[in-house]
Amino acid sequence: MSKDDLVVVTGAGGFIGGHLVKVLQQRGHKKIRAVDVKPLAEWYQKHPGVENQVGDLALLEPCRAAAKGAKVIYNLAADMGGMGFIETHKAECMLSVLVSTHMLVAAKEAGTERFFYSSSACVYNGDKQTDANVTALKESDAYPALPEDGYGWEKLFSERMARHYREDYGIATRVARYHNVYGPEGTYDGGREKAPAAICRKVIAAKLSGKHEIEIWGDGEQTRSFMYIDDCTEGTLKLAQSDIVEPLNIGSDELVSINRLVDIVEKIAGVKLKRSYKLDAPKGVRGRNSDNALIKKLMNWAPSIRLEDGMEKTYRWIHDEMTSGKVSVVNALPKQALAAQ
């Protein structure tokens, strides 16, 4: 595609979408339309020279306005958050199927050539994620289907919609299964934050307040892999422009327990905290990791940013946000417990 073709990013007011718009600009794309349901004042990032649209993409007409004239669409729009959110808002998560469906309808009508859909590791069969020492999940592990209730089912259904739009209508759909994306310019409080940001916020608040305590959901031995945002955007762009038609993992294969993640943030902060464990809280699957064999084979690339390096940057950004007066340290004290998608 030409750098003069119109590129649309939905969910552009969110964490990943905002970063993706920035990278597209940096790589010379001159026509970018950024779309999100949130008022512009609430977007995480806004970039000069970008056409910003506010619209509810659960509805067909705003999707048509978003897709008009688009050569490529990156559909990142969804109602989601960390485990504390998706376990208690299953209907809301499922309603994101309206966004993915209507955006595909609008893309077909608009003659869009390529359509990228951001799926999730939550599509994987839960029976394969019952051990903290989990065998890394390969793409074929999505079937037989037993995804995360609510959010995972919506993602899996939307993957199938993208597949059938490719098969039936010739749109070059591409699907990535993201594994726990983190980094600066994202949610770190309010209930939708994921584990890396939540841990950073809690450690910072505990250190600044002098109350050196932290609460963790579960026993802290549940495991995940976490992918830094720069790896996410790089993998997204590579996959979107590739000839790979089947869903592909985009995630780090660096497995870590939540307790180990807290260790990393404590080291960055130069503090040691007393830990308490809320064993009856939502915890998600016991273990989840990304098998990167297929992405390495097909793209000769895989996410490679070390967790310690990404967490350092994430911690510094959240620390600056919390000490700039934008967030009250008192309000940031442990209300939301740690979660891991």
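Everything in the sequence shown is counted per this note's numbering, starting at 671 for the first residue and increasing by one. Glycine residues also receive a C-beta, built at the ideal position from the N, C-alpha and C atoms.
- Distance between Glu762 and Asp819, taken at the CA atoms: about 12 angstroms.
- Classified as buried, Lys872 has 16 or more neighbouring CB atoms from the shown chains inside 10 Å of its CB.
- Lys944 has its alpha-carbon roughly 36 angstroms from the corresponding atom of Gly687.
- In this structure Gly681 is in contact with Asp706, their Cβ atoms being roughly 6 angstroms apart against a cut-off of 8 angstroms.
- Between the region 844–852 and the region 872–882, the count of C-beta pairs closer than 8 angstroms stays below three; the two stretches do not touch.
- Take the alpha-carbon of Gly840 and the one of Asp990: they are about 47 angstroms apart.
- Cβ atoms of Leu925 and Asn970 stay farther apart than 8 angstroms, at about 23 angstroms.
- A straight-line Cα-Cα distance of about 9 angstroms links Arg986 and Ile938.
- In the DSSP secondary-structure assignment, Trp887 is bridged to Lys948.
- The C-beta distance from Met897 to Pro817 rounds to 19 angstroms, too long to meet the 8 angstroms contact threshold.
- Note on the region 816–885: whole alpha helix (DSSP H) runs with a minimum of 4 residues are 821–839, 865–879, in chain order.
- Taking each of Arg930, Glu904, Leu918, Ile914 in turn and checking the Cα distance to Arg894, the smallest one comes out for Arg930.
- Our two residues, Leu964 and His882, have alpha carbons roughly 43 angstroms apart in a direct line.
- Shown here, Tyr787 sits in a strand according to DSSP, grouped into three states.
- Taken atom to atom, the span from the alpha-carbon of Thr805 to that of Leu746 is near 28 angstroms.
- Ranked by Cα distance from Ser810, the first of Gly781, Lys966, Pro917, Thr771 is Pro917.
- Residue burial annotation: Thr984 is buried, with at least 16 other C-beta atoms found within 10 angstroms of its C-beta.
- Nearest in C-alpha terms to Arg784, of all of Ile914, Lys692, Val955, is Ile914.
- For the 9 angstroms CB-CB criterion, Tyr787 and Ala832 form a contact.
- Taking the C-beta atoms as reference points, Ile934 is found nearer than 9 angstroms to Glu978.
- A distance below 9 angstroms separates the beta carbons of Asn919 and Leu807.
- In the three-state reduction of the DSSP assignment, Arg976 falls in the coil class, being assigned neither a helical nor a strand state.
- Rounded to the nearest angstrom, the gap between the Cα atoms of Ile975 and Asp961 is 16 angstroms.
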